[in-house]
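Be aware that the sequence shown starts at 7, since it is given in my numbering, and climbs by one per residue.
Below is one structure, written out as structure tokens; comments come after it.
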Amino acid sequence: MHEDFLWGGAVAANQVEGAFNVDGKGLSVADVMRYSYRADHDYKKQVQITSAAIQQAMQQGQDTTQYPKRRGIDTYHRYKEDIKLFAEMGFTALRISIAWTRLFPTGEELTPNPAGIAFYRQMFAELKKYDIEPIVTLSHYEMPLHLALVYNGWADRRLIDYFVRFSQACFENFPEVKYWITFNEIDSIMRHPFTSAGIIPDRTKNLVQVQFQALHYQFVASAQVTKLAHEMIPESQVGAMLTKLTTYPNSANPKDVLATLHKNIMNYFPADVQVKGYYPKLILDYFAKHQIVLDMTDEDKQLIATHTVDFLSFSYYMSLVAAENESGLEMTGGNTIVGGKNTYLKTTQWGWSVDPVGLRISLLELYDRYQKPLFIVENGMGAHDVLTSDFQVHDDYRIAYFEAHLTAVKQAVAEGVELMGYLSWAPIDLVSASTSQMSKRYGFIYVDADDNGKGTYNRYRKDSFYWYQKVIATNGENLTT
Ligand code: BG6
Numbered sequence: 007m008h009e010d011f012l013w014g015g016a017v018a019a020n021q022v023e024g025a026f027n028v029d030g031k032g033l034s035v036a037d038v039m040r041y042s043y044r045a046d047h048d049y050k051k052q053v054q055i056t057s058a059a060i061q062q063a064m065q066q067g068q069d070t071t072q073y074p075k076r077r078g079i080d081t082y083h084r085y086k087e088d089i090k091l092f093a094e095m096g097f098t099a100l101r102i103s104i105a106w107t108r109l110f111p112t113g114e115e116l117t118p119n120p121a122g123i124a125f126y127r128q129m130f131a132e133l134k135k136y137d138i139e140p141i142v143t144l145s146h147y148e149m150p151l152h153l154a155l156v157y158n159g160w161a162d163r164r165l166i167d168y169f170v171r172f173s174q175a176c177f178e179n180f181p182e183v184k185y186w187i188t189f190n191e192i193d194s195i196m197r198h199p200f201t202s203a204g205i206i207p208d209r210t211k212n213l214v215q216v217q218f219q220a221l222h223y224q225f226v227a228s229a230q231v232t233k234l235a236h237e238m239i240p241e242s243q244v245g246a247m248l249t250k251l252t253t254y255p256n257s258a259n260p261k262d263v264l265a266t267l268h269k270n271i272m273n274y275f276p277a278d279v280q281v282k283g284y285y286p287k288l289i290l291d292y293f294a295k296h297q298i299v300l301d302m303t304d305e306d307k308q309l310i311a312t313h314t315v316d317f318l319s320f321s322y323y324m325s326l327v328a329a330e331n332e333s334g335l336e337m338t339g340g341n342t343i344v345g346g347k348n349t350y351l352k353t354t355q356w357g358w359s360v361d362p363v364g365l366r367i368s369l370l371e372l373y374d375r376y377q378k379p380l381f382i383v384e385n386g387m388g389a390h391d392v393l394t395s396d397f398q399v400h401d402d403y404r405i406a407y408f409e410a411h412l413t414a415v416k417q418a419v420a421e422g423v424e425l426m427g428y429l430s431w432a433p434i435d436l437v438s439a440s441t442s443q444m445s446k447r448y449g450f451i452y453v454d455a456d457d458n459g460k461g462t463y464n465r466y467r468k469d470s471f472y473w474y475q476k477v478i479a480t481n482g483e484n485l486t487t
């Protein structure tokens with residue numbers, strides 16, 4: 007890898023920090039998402055929400071058992087210990103998000119909460135101590151609940167101003183941060199509109215129309231924030247982020263190939279808008295055909311065209327297959343998606359297909375399409391781990407996953423792909439975004455907490471910790487155990 011290649015991991019505030027009501031923090035959409043025991047592929051149940059469920063969650067104001075993101079892994083109090091462990095692995099980068107509700111508890115305040123600013127200032131100082139470059143996501147499934155309740159989230163244009171105000175406060179107070187990502191997996195509005203954009207489906211007559219509208223407002227906000235970042239922090243680089251849902255045709259039947267092409271065009275389009283600066287014509291025609299009419303002004307189009315992103319980041323976990331007639335397909339789970347199962351691939355305990363070649367394909371496809379620097383900001387696997395009586399975790403399955411994926415990454419780079427770095431999801435066990443389980447473990451570091459929040463919260467190095475340490479020390483040369 008090139009000498010500035012960024013090695014590290016990624017987390018999100020709502021999945022790690024806990025302390026959901028401490029030091030003035032407001033409730034976020036993540037704080038009302040219930041624990042879901044399901045380990046199968048029924049992701050719609052995992053992410054569904056109703057107005058009644060939100061009211062119930064708000065009444066259970068102190069409950070951290072059913073609402074695990076309220077407790078996270080207690081990073082709010084343990085971030086120094088965690089950063090020290092990341093430094094021990096040799097991290098040169100850590101992706102975090104800034105909880106909007108720590109700075110603006112309802113989203114409508116005019117000035118940020120000093121305690122929230124102070125917390126992140128301390129965190130950035132700690133990262134600096136170890137020369138770890140922060141990669142900061144401004145919006146990662148944790149917008150103020152108040153904005154969801156009052157405005158139906160990003161369905162309302164006024165959200166743009168609130169988000170710009172929050173972003174401006176971040177740029178003002180954290181000028182040492184060079185790399186910013188505006189919206190985590192921006193395309194995910196179409197799959198889980200509440201956690202991505204604060205849209206409460208039962209308040210919405212035409213959900214699809216509202217989802218595309220919200221996406222448009224996020225594009226405008228992202229362009230405004232990109233402009234602002236460039237003005238306020240001249241050396242900053244701003245990235246878009248896509249869920250790379252690599253999908254293959256289930257067969258060589260041209261009808262299956264066509265169905266797959268349509269899915270992939272939809273998956274790419276949010277990146278097209280943010281990287282190229284305009285809506286693809288095929289998408290505009292799709293809107294027209296499906297009576298999707300958006301509030302999209304000339305000024306919006308101008309902003310989107312002028313303030314495109316500097317790099318494209320993406321998450322990659324698995325691949326799927328598609329067919330013209332999906333009723334004949336065996337379905338399996340994926341990253342907040344259900345799709346056809348690929349019989350050539352093995353799956354994780356959560357049903358996600360393990361496909362390292364798909365990562366190489368994704369890198370080549372994305373680079374060929376955009377010719378922009380790419381950044382892998384999430385890649386990893388969830389698994390049940392066992393902590394032995396002498397506090398070890400022998401996670402050879404995780405090492406095998408990363409070894410295969412990093413081999414694919416190196417092959418793509420050798421073919422010419424421009425890659426800024428590689429961040430694992432997640433370097434430490436955390437609360438799952440979709441199910442809020444702790445038992446779906448991703449980390450190189452084990453956190454002693456169970457699905458009910460019971461445990462010491464002590465951290466333990468897994469076997470994969472030492473493996474990743476060696477990978478980083480050799481700049482990716484040595485991937486073997
Ligand atoms: C990505 C998200 O979609 O996938 C993360 O950006 C999330 O927040 C990750 O944790 C893995 O998904 P899950 O549902 O297994 O936590």
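All C-beta atoms in this analysis are idealised placements derived from N, C-alpha and C, irrespective of residue type, glycine included.
{"Asked": "On a CA-only basis, which of Val453, Ile102 and Trp356 is nearest Leu393? Give me that one, please.", "Found": "Val453"}
{"Asked": "Would you report the Cα separation of Ala25 and Tyr82, rounded to the nearest angstrom?", "Found": "6 Å"}
{"Asked": "I need the boundaries of the alpha helix (DSSP H) containing Ala432, first residue and last residue.", "Found": "Counting along the chain, Ala432 falls outside any alpha helix (DSSP H), and DSSP gives it neither H nor E."}
{"Asked": "Hey, is Thr81's beta-carbon within less than 7 Å of any beta-carbon in chain D?", "Found": "This model lacks chain D altogether; it includes just one protein chain."}
{"Asked": "Comparing alpha-carbon positions, which option in Ser440, Ser319, Phe471 and Ser368 lies nearest Trp186?", "Found": "Ser319"}
{"Asked": "Would you kindly check if the distance between the Cβ of Lys468 and the Cβ of Val399 is under 7 Å?", "Found": "yes"}
{"Asked": "Please name the residue, chosen from Cys176, Phe125, Thr338 and Thr342, that lies closest to Lys352 on a Cα-to-Cα basis.", "Found": "Thr338"}
{"Asked": "For Asp456, count neighbouring C-beta atoms within 10 Å of its own C-beta (all shown protein chains included) and say buried if the count is 16 or more, exposed if not.", "Found": "exposed"}
{"Asked": "What's the C-alpha gap between Leu370 and Phe381?", "Found": "13 Å"}
{"Asked": "Does DSSP classify Ser359 as helix, strand or coil?", "Found": "strand"}
{"Asked": "Taking just the CA atoms, how far does Thr253 sit from Lys347?", "Found": "10 Å"}
{"Asked": "Quick one, which of Leu485, Asp402 and Gln54 has its alpha-carbon nearest Asp208's?", "Found": "Gln54"}
{"Asked": "Round the Cβ separation of Glu74 and Ser442 to the nearest angstrom and send it over; I've been treating them as touching at under 8 Å.", "Found": "The question names Glu, but residue 74 is Pro in the sequence shown. Confirmed, about 4 Å."}
{"Asked": "If you draw a straight line from the alpha carbon of Ala59 to that of Ser438, how long is it in whole angstroms?", "Found": "19 Å"}
{"Asked": "Inspect the beta-carbon positions of Glu554 and Ala19 and report whether they are closer than 7 Å.", "Found": "Outside the shown range of the chain, which is 7 to 487, sits residue 554, and nothing can be said about it."}
{"Asked": "For Val28, which option in Asp10, Gln62, Arg76 and Ala36 has the closest C-alpha, if you only look at C-alpha atoms?", "Found": "Arg76"}
{"Asked": "Can you give the Cα-Cα distance for Val231 and Asn259, rounded to whole angstroms?", "Found": "44 Å"}
{"Asked": "Using DSSP with H/G/I as helix, E/B as strand and the rest coil, what is Arg101?", "Found": "strand"}
{"Asked": "Could you compute how far the alpha carbon of Met426 sits from the alpha carbon of Arg447?", "Found": "26 Å"}
{"Asked": "Mind checking which residues open and close the alpha helix (DSSP H) that includes Leu109?", "Found": "Trp106 to Leu109"}
{"Asked": "Is it buried or exposed for Lys212, if we count other Cβ within 10 angstroms and need 16 for buried?", "Found": "Sequence check: residue 212 is Asn here, not Lys. With fewer than 16 Cβ atoms within 10 Å of its Cβ, Asn212 is classed as exposed."}
{"Asked": "Asn20: beta carbon under 6 Å from a heavy atom of ligand 3?", "Found": "Ligand 3 is not part of the structure shown, which contains ligand 1 as its ligands."}
{"Asked": "With a threshold of 6 Å on Cβ separation, who are the neighbours of Val22 within its own chain once the five nearest residues in sequence on each side are excluded?", "Found": "Gly78, Ile79, Thr81 and Leu436"}
{"Asked": "Could you please give the first and the last residue of the uninterrupted beta strand (DSSP E) stretch that includes Gly246?", "Found": "Residue identity differs from the one stated: residue 246 is Ala in this sequence, not Gly. Start and end: Gln243 to Thr249."}
{"Asked": "Can you tell me where the alpha helix (DSSP H) holding Gly122 begins and where it ends?", "Found": "Pro120 to Lys135"}
{"Asked": "At which residues does the beta strand (DSSP E) containing Thr413 begin and terminate?", "Found": "That residue, Thr413, is in no beta strand (DSSP E); its alpha helix (DSSP H) goes Asp402 to Ala420."}
{"Asked": "Judging by CA-CA distance, which residue of Asp306, Asp301 and Ala311 is the nearest neighbour of Tyr3?", "Found": "Summary: the structure shown does not reach residue 3, with the chain confined to residues 7 through 487, and so no result is reported for it."}
{"Asked": "Could you check how far apart the C-beta atoms of Gly459 and Thr71 are, in whole angstroms? I think they sit under 8 Å.", "Found": "6 Å"}
{"Asked": "Enumerate, from N- to C-terminal direction, the unbroken alpha helix (DSSP H) stretches of 4 or more residues contained entirely within the segment 192 to 266.", "Found": "199 to 203 and 213 to 238"}
{"Asked": "With a CB to CB cut of under 7 Å and the five nearest residues on each side skipped, what residues in its chain are close to Asp193?", "Found": "Leu248, Thr249, Asn273 and Pro276"}
{"Asked": "Beta-carbon separation of Glu96 and Ile478 under 7 Å?", "Found": "For the record, residue 96 in the displayed sequence is Gly; it is not Glu. A contact, by the Cβ cut-off of 7 Å."}
{"Asked": "Out of curiosity, what's the CA-to-CA distance linking Ile89 and Arg366?", "Found": "30 Å"}
{"Asked": "Suppose contacts are defined by Cβ-Cβ distances below 7 Å. Is Gly245 in contact with Val170 by that definition?", "Found": "no"}
{"Asked": "Using CA coordinates, which residue listed in Gly422, Asp401 and Ala389 is at the minimum distance from Pro379?", "Found": "Gly422"}
{"Asked": "Rounding to the nearest angstrom, what Cα-Cα distance links Glu330 and Lys295 in this structure?", "Found": "20 Å"}
{"Asked": "Return helix, strand or coil for Ser442, following the three-state DSSP convention.", "Found": "coil"}
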